[in-house]
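Below is one structure; the comments refer to it alone.
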Amino acid sequence: MTTHPMTGRVVLITGAAGGLGRAHAHAFAALGAHVVLSDVTDPAAVVAEVTAAGGSALGVVAGVDTWEGSAVSVAAAVEAFGRLDVLVNNAGIIRDKSFAKATPEMIEAVLAVHLHGAFHMTKAAWPHLTERGGSIINTTSGSGLYGNFGQVNYAAAKAGLVGFTRSLALEGARAGIRANAIAPLAKSAMTETMMAPELLERLAPEWVSPLVTWLASDGCTATGNVYSVGAGRYARVATLEAPGVRFDHVPTIAELTEAAAAIDDLAGAVEPRSLADQIALVAPPA
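If you use the working numbering, the sequence shown corresponds to residues 25 to 310, in order.
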């Protein structure tokens, strides 16, 4: 009998009724995991696909935008399979509009699902993940890392998930919890208007899911990292800090203007892995 790499593991995926979540569900199930698919849209069709392919799947109709809805999904996973090993925070919505035209409702709705939703789900899952260690994979975006016109709400939420991920990695290390984030490029209504047809063919969600399963696997030790993924390209994204310029007095505007090029120069940049690392950079040399 063949034992798959994730036989017996329980994986909870939000936003799993289609798109990336659906692809993740198939990928984890093919590796032997029990997959719990949570979505505000009934994920029954994806559950049927997974089980027809010989996998183990459970669907939960619940939202991530409330503490209560997230608790329902986690409770269902533990009740059905007795444990929780992996949480994939994938659920998301878009309400695109330039900042000047964005309404409070559009801003709050996006923050509630992307950023608050990750808090809700992870808070509910955390006690179960600490029992034997586990993995959290959050879904950020190039918009959050680099910005995108008309997506200030989405970009802010996705950028928040980077800090959330890195802090979880630090706090979860002692309990054996690893946390990472992916910034996927996958075919969607948005990308279809931005990219050439030949590139879109390589942007199927199935190109993203292998990275997600690897991040949750025993063979991966990464934590606190962000990865760009799409079209067969997999790359770590880093936040760098330049060597900068050190003054021995409070500088004037004129002095900062004169030093601007050196302040911006990334040659010799380093990658702080925590606030403590940044503080160490700021501390005067001994």
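Just so you know, even glycine gets a beta-carbon here, dropped at the ideal spot from N, CA and C.
DSSP assignment within the region 142-177 yields the following whole beta strand (DSSP E) runs of 3 residues or more, N-terminal first: 158-163.
Note: residue 113 is bridge-paired with 162 in the DSSP secondary-structure output. When C-alpha distances from residue 224 are compared across 143, 97, 198, 254, the shortest belongs to 254. If you draw a straight line from the Cα of residue 156 to the Cα of residue 211, it comes to about 36 Å. Here residue 228 carries a coil assignment [DSSP, helix/strand/coil]. Residue burial annotation: residue 50 is buried, with at least 16 other C-beta atoms found within 10 angstroms of its C-beta. In the structure shown, residue 210 falls within a coil segment according to DSSP collapsed to helix, strand and coil. For residue 67, same chain residues with a beta-carbon under 7 Å away, outside a window of 5 residues either side, are 40, 41, 61, 83 in chain order. Under DSSP, residue 265 shares a beta bridge with 294. The beta carbons of residue 163 and residue 114 sit closer together than 8 Å.
Counting every other CB atom within 10 Å of its CB across the protein chains shown gives residue 170 a total below 16, marking it as exposed. Counting only residues of its own chain and dropping the five nearest sequence neighbours on each side, residue 47 has a CB closer than 6 Å to the CB of 229, 230, 233.
The alpha carbon of residue 160 has as its nearest neighbour, out of 281, 133, 142, 128, the alpha carbon of 142. Assignment of residue 36 by DSSP, reduced to helix, strand and coil, places it in the strand class. Scanning its chain for C-beta atoms nearer than 7 Å, with the 5 sequence neighbours on each side dropped, one finds around residue 131 the residues 177, in chain order.
Take residue 75, set aside five residues on each side of it, and the residues of its chain with a beta-carbon closer than 7 Å to its own are 81, in chain order. Bounds of the alpha helix (DSSP H) holding residue 288 are 277-288. Between the alpha carbons of residue 240 and residue 174 lies a gap of roughly 33 Å. Taking a 10 Å sphere around the C-beta of residue 200, we find fewer than 16 other C-beta atoms and assign the residue as exposed. In summary, residue 287 is exposed, with fewer than 16 beta-carbon neighbours lying within 10 Å of its beta-carbon over all protein chains present. Taking 4 residues as the minimum length, the alpha helix (DSSP H) runs contained wholly in the region 58-119 are 68-76, 91-105, in order along the chain. Nearest neighbour of residue 252 by Cα position, chosen from 57, 111, 279, 168, turns out to be 168.
The beta carbon of residue 33 is closer than 6 Å to those of 57, 109 in its chain, skipping five residues each way along the sequence. In this structure residue 166 does not touch residue 138 by the C-beta definition: roughly 14 Å separates them, more than the 8 Å allowed.
With at least 16 other beta carbons inside 10 angstroms of its own, residue 97 counts as buried. Spatial neighbours of residue 259 in its own chain (CB-CB distance under 6 Å, excluding positions within 5 residues in sequence) are listed in chain order as 252. Linking residue 309 to residue 197 through their CA atoms gives a straight-line distance of about 30 Å. Pairing residue 186 with residue 203 gives a Cβ-Cβ distance that is not under 8 Å.
Rounded to the nearest angstrom, the Cβ distance from residue 265 to residue 285 is 16 Å, too far for a contact under 8 Å.
Counting the other Cβ atoms within 10 Å of the Cβ of residue 78 gives fewer than 16, which makes it exposed.
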